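Under the working numbering, the first residue of the sequence shown is numbered 8, with each subsequent residue one higher. Below is one structure, written out as structure tokens; comments come after it.
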Amino acid sequence: MKIYLVRHGETFDNVSGFIAGHLPGKLTETGRKQSHNAGLDLMNTQIDKVYCSDLARARETFEEIQNICKFDCEIEYTDMIRERFFGEYEGFYQKEFKWTKADVMAFRNPINGESCTDLLARAQDFLTEVKNSK
């Protein structure tokens with residue numbers, strides 16, 4: 008089994024330093040071009056199933072890819088491959104914080120958010136689910 012991973016294209020949130028996490032986000036023109044280029048890279052690739060995050064920025068990225076590739080397969084939108092949930096940091100701009108060492112450590116385990124360990128466990132659960140679905 009081969010798995011191809013594509014991250015969403017650049018968003019306005021990426022450019023502005025907005026901490027989006029599970030918020031939807033919207034692709035910039037550069038992000039749309041990146042997505043288009045990913046489609047060109049995948050154009051002649053046999054794909055049996057597509058898993059896509061249910062967040063708008065990921066869906067928009069996939070739509071750009073699909074416009075080129077026209078994959079004829081099942082597409083599953085899932086929250087299991089969303090970006091990390093940053094808890095109380097979400098919805099703020101990075102520049103709003105004076106990042107001390109304590110802040111950086113808190114960002115690793117955000118209040119009411121998802122730690123890096125939690126994120127890795129979620130990713131592993133997803134990959135196990137994909138593997139077991141074959």
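Built from N, CA and C at the ideal position, the CB exists for glycine as well. Fair warning: this is a prediction, and the values are worked out from it, not measured in the lab.
(request) With distances taken Cα to Cα, identify the nearest neighbour of Phe93 among Leu47, Lys77, Phe25. (result) Locating residue 93 in the sequence shown gives position 86, counting from the first residue. Comparing Cα-Cα distances from Phe93 to each of Leu47, Lys77, Phe25, the minimum goes to Phe25.
(request) State the start and end residues of the unbroken alpha helix (DSSP H) segment that holds Val22. (result) On the sequence shown, position 15 is the one that residue 22 refers to. Where Val22 is concerned, the enclosing alpha helix (DSSP H) stretches over 19–23.
(request) Return the first residue and the last residue of the alpha helix (DSSP H) that Val137 is part of. (result) Looking up residue 137 in the sequence shown gives position 130. Counting along the chain, the alpha helix (DSSP H) containing Val137 begins and ends at 123–139.
(request) Please classify Leu127: is it buried, with 16 or more other beta-carbons within 10 angstroms of its beta-carbon, or exposed? (result) Here the question's residue 127 lines up with position 120 in the sequence shown. Residue environment for Leu127: exposed (fewer than 16 other C-beta atoms within 10 angstroms of its C-beta).
(request) Flag this pair as yes or no: are the beta carbons of Gly28 and Thr18 separated by less than 7 Å? (result) Taking the first residue of the sequence shown as 1, we reach residue 28 at position 21. Taking the first residue of the sequence shown as 1, we reach residue 18 at position 11. Taking the C-beta atoms as reference points, Thr18 is found no nearer than 7 Å to Gly28.
(message) If I measure Cβ to Cβ from Cys59 and keep anything under 6 Å in the same chain, skipping five residues before and after, which residues do I get?
(response) What you label residue 59 is simply residue 52 of the sequence shown in a count that begins at 1. By the criterion of a C-beta distance shorter than 6 Å, Cys59 is surrounded in its chain by Ala65, Phe69, Tyr84, once the five residues flanking it on both sides are discounted.
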